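Visitor: Please see the structure below; I have some questions.
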Amino acid sequence: AQSVTQLGSHVSVSEGALVLLRCNYSSSVPPYLFWYVQYPNQGLQLLLKYTSAATLVKGINGFEAEFKKSETSFHLTKPSAHMSDAAEYFCAVSDRGSGGSNYKLTFGKGTLLTVNP
Amino acid sequence: NAGVTQTPKFQVLKTGQSMTLQCAQDMNHEYMSWYRQDPGMGLRLIHYSVGAGITDQGEVPNGYNVSRSTTEDFPLRLLSAAPSQTSVYFCASTVAAGGPDKTQYFGPGTRLLVL
Chain L
3 AQSVTQLGSH
13 VSVSEGALVL
23 LRCNYSSSVP
33 PYLFWYVQYP
43 NQGLQLLLKY
53 TSAATLVKGI
63 NGFEAEFKKS
73 ETSFHLTKPS
83 AHMSDAAEYF
93 CAVSDRGSGG
103 SNYKLTFGKG
113 TLLTVNP
Chain X
31 NAGVTQTPKF
41 QVLKTGQSMT
51 LQCAQDMNHE
61 YMSWYRQDPG
71 MGLRLIHYSV
81 GAGITDQGEV
91 PNGYNVSRST
101 TEDFPLRLLS
111 AAPSQTSVYF
121 CASTVAAGGP
131 DKTQYFGPGT
141 RLLVL
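These protein sequence lines map, in sequence, to chains L and X. With the working numbering applied, the first sequence closes on residue 119, and no number is skipped along the way. With the working numbering applied, the second sequence closes on residue 145, and no number is skipped along the way.
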């Protein structure tokens with residue numbers, strides 16, 4: 003079964019600083035990878051996804067992530083944090099393949115990002 | 031498009047009561063699923079459906095029942111609520127066309143408190 007590890011349940015940065023949120027997956031076959039963001043009292047919104055095209059993926063709001071097969075990682079970065087980036091971020095994976103069960107998402111436990119003025 | 035809608039937004043139940051959480055989508059998505067979100071646990075899959083009349087269990091199905099009679103609707107039933115089912119419930123949907131785009135679209139959530 004797939005598993006996802008997000009290192010750091012809480013990350014705190016200053017406004018304008020680099021944001022780095024870590025995600026590692028466990029699978030011998032590279033899965034599809036996703037980063038979702040959740041603002042307080044809201045649902046989840048897709049930030050970006052990796053589906054085996056370019057390994058550097060750009061998403062919304064200036065975020066990007068790089069797929070590194072050798073490290074089984076898909077870390078999320080943003081060069082300069084903004085106060086509006088404060089939210090909880092979830093990394094998720096799904097298996098490749100077209101069968102129904104391959105649409106299931108397995109989520110990490112989430113990382114709460116705090117941005118200090 | 032309204033996207034994925036969920037009702038109610040918030041519900042308080044007493045132990046042993048039953049209720050149905052509603053989920054609907056207007057994007058003609060084949061795949062729909064239910065997750066629960068608990069602090070420090072991320073989101074865990076309860077049940078999913080790949081089309082009308084087809085459902086299957088996820089990671090934490092006990093105490094929940096689902097059915098899918100139409101493409102649009104995927105209700106989640108709590109048969110006899112327990113305090114352990116206090117959680118935030120999210121419904122999600124995606125096109126299950128066999129391609130690489132497995133982006134799931136989430137509803138706004140239902141916050142459930144079981145006393």
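Positions of the beta carbon are idealized from the N, C-alpha and C atoms, including for glycine. A quick note: this is a predicted structure, and the numbers were derived from the prediction, not measured.
I'd like to confirm something about D87(L): is its beta-carbon nearer than 7 Å to some heavy atom of the ligand SAH, or not?
Guide: Looking for the ligand SAH in the displayed structure turns up nothing, as the structure carries no ligands at all.
Visitor: Exposed or buried, F106(L), counting other C-beta atoms within 10 Å across all chains shown (16 or more means buried)?
Guide: The amino acid occupying residue 106(L) in the given sequence is Lys; Phe does not appear at that position. The residue in question, K106(L), is buried, as its Cβ has 16 or more Cβ neighbours within 10 Å.
Visitor: Measure the Cβ-Cβ separation of Y61(X) and Y78(X) and say whether it is below 8 Å.
Guide: yes
Visitor: Near R107(X), which residues of its chain fall below 6 Å by C-beta distance, leaving aside the five closest residues on each side in sequence?
Guide: T50 and N95
Visitor: Roughly how many angstroms separate the alpha carbons of A122(X) and N118(L), rounded to a whole number?
Guide: 32 Å
Visitor: Given that a residue counts as buried once 16 or more other Cβ atoms are within 10 Å of its Cβ, and exposed if not, what is V59(L)?
Guide: buried
Visitor: Any chance you could list the beta strand (DSSP E) runs of at least 3 consecutive residues sitting entirely within the segment 110–134 of chain X, in chain order?
Guide: 117–124
Visitor: For Y41(L) versus V95(L), is the C-beta distance shorter than 8 Å?
Guide: no
Visitor: Hey, is the segment 53–60 of chain X in contact with the segment 85–104 of chain X, meaning 3+ C-beta pairs nearer than 8 Å?
Guide: yes
Visitor: Measure the beta-carbon distance from L78(L) to F65(L) and round it to whole angstroms, keeping in mind my assumption that it falls under 8 Å.
Guide: For L78(L) against F65(L), the beta-carbon gap comes to about 6 Å, under 8 Å, which counts as contact.
Visitor: Do you know how far the Cα of Q134(X) is from the Cα of G61(L)?
Guide: In a straight line, the C-alpha of G61(L) is about 15 Å away from that of Q134(X).
Visitor: Beta strand (DSSP E) containing H77(X): first to last residue?
Guide: G72 to G81
Visitor: DSSP has K1(L) in a bridge; who is on the other side?
Guide: Here chain L has residues from 3 to 119 only, and residue 1(L) is not among them.
Visitor: Residues in the segment 104–116 of chain L with C-beta within 9 Å of chain X's C-beta atoms, listed in sequence order?
Guide: N104, Y105, K106, L107, T108, F109, G110, K111 and G112
Visitor: Would you please verify whether the beta carbon of Y61(X) is less than 8 Å from any beta carbon of chain L?
Guide: yes
Visitor: Is there a C-beta anywhere in chain X that falls below 8 Å from the one on L48(L)?
Guide: yes
Visitor: Quick check on Y94(X): does DSSP put it in helix, strand or coil?
Guide: strand
Visitor: Grab the span of the beta strand (DSSP E) containing C25(L) for me, first residue to last.
Guide: Annotation: C25(L) is outside any beta strand (DSSP E) and is labelled neither H nor E by DSSP.
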